[in-house]
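**Q** In UniProt numbering, the protein residues as written are 1 to 191. The structure's right below; bear with me while I get my questions together.
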């Protein structure tokens, strides 16, 4: 089995375990059993649980940043930028609520602090995301608009958290994600 295929299989198994059984089910032994290899084979690729979680999390964060950056392209003013950002982020996370949970809920329940390398990567990605949005919110002073960019991102993540919770307990909200996104856009852009 080619090396990258083994790594990809480990990540796929880990993702399925997290989705199906939660963080407590994620162990190197469980992955090795499903992989049909030794625990050492898994540890070769991911020496720590944090390394494994980072390998699952970081590509998703990068994909999120790319999706909203693309969504912002062509926004001609602040209201359009807000609308495109909110719609783009809601669309991205609505496609895969399990990925959303992995990105934003799982790290809160994981024991241990992420390594500096992971945080450096997270900071690079989020700095780019907030910078792109801030430049659209206030082209004259994007540094002053950066806290607003972070607050907008957090607000949309809150909306998606409610969607994810409703789906997880099989109790749909009275309003869909798109309707809530439109309400948020209206609340943030109406004078």
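Quick reminder that beta carbons are idealized off the backbone N, C-alpha and C, glycines included. Quantities reported herein were computed from a predicted structural model and do not represent experimental measurements.
Can you tell me where the alpha helix (DSSP H) with residue 93 in it begins and where it stops?
**A** 78 to 94
**Q** Quick one: grab the DSSP three-state call for residue 46.
**A** coil
**Q** Classify residue 148 as helix, strand or coil using the three-state DSSP reduction.
**A** Three-state DSSP puts residue 148 in a helix.
**Q** Start and end of the alpha helix (DSSP H) containing residue 188?
**A** From DSSP, the alpha helix (DSSP H) with residue 188 extends over 177 to 189.
**Q** Helix, strand or coil for residue 173? Go by DSSP, reduced to three states.
**A** coil
**Q** Using only alpha-carbon positions, find the residue among 161, 42 and 184 that is nearest to residue 102.
**A** 161
**Q** Quick one: is residue 156 buried, meaning 16 or more other Cβ sit within 10 Å of its Cβ, or exposed?
**A** Burial check for residue 156: the Cβ neighbour count within 10 Å reaches 16 or more, so the residue is buried.
**Q** Going by other Cβ atoms of all chains shown within 10 Å of its Cβ, with 16 needed for buried, is residue 14 buried or exposed?
**A** Residue 14 is buried by the Cβ-count criterion.
**Q** In the DSSP assignment, the alpha helix (DSSP H) including residue 98 goes from what residue to what residue?
**A** For residue 98, the enclosing alpha helix (DSSP H) stretches over residues 97 to 104.
**Q** Grouping DSSP H, G and I as helix and E and B as strand, with all else coil, what is residue 117?
**A** helix
**Q** Restricting to Cα atoms, I'd like to know which of 130, 56 and 124 is closest to residue 89.
**A** 130
**Q** Go ahead and pull the three-state DSSP assignment for residue 209.
**A** The requested residue 209 does not occur in the structure, where the chain is confined to residues 1 to 191.
**Q** With DSSP collapsed to three states, give me the class of residue 36.
**A** coil
**Q** Can the beta-carbon of residue 82 be found less than 8 Å from the beta-carbon of residue 23?
**A** no
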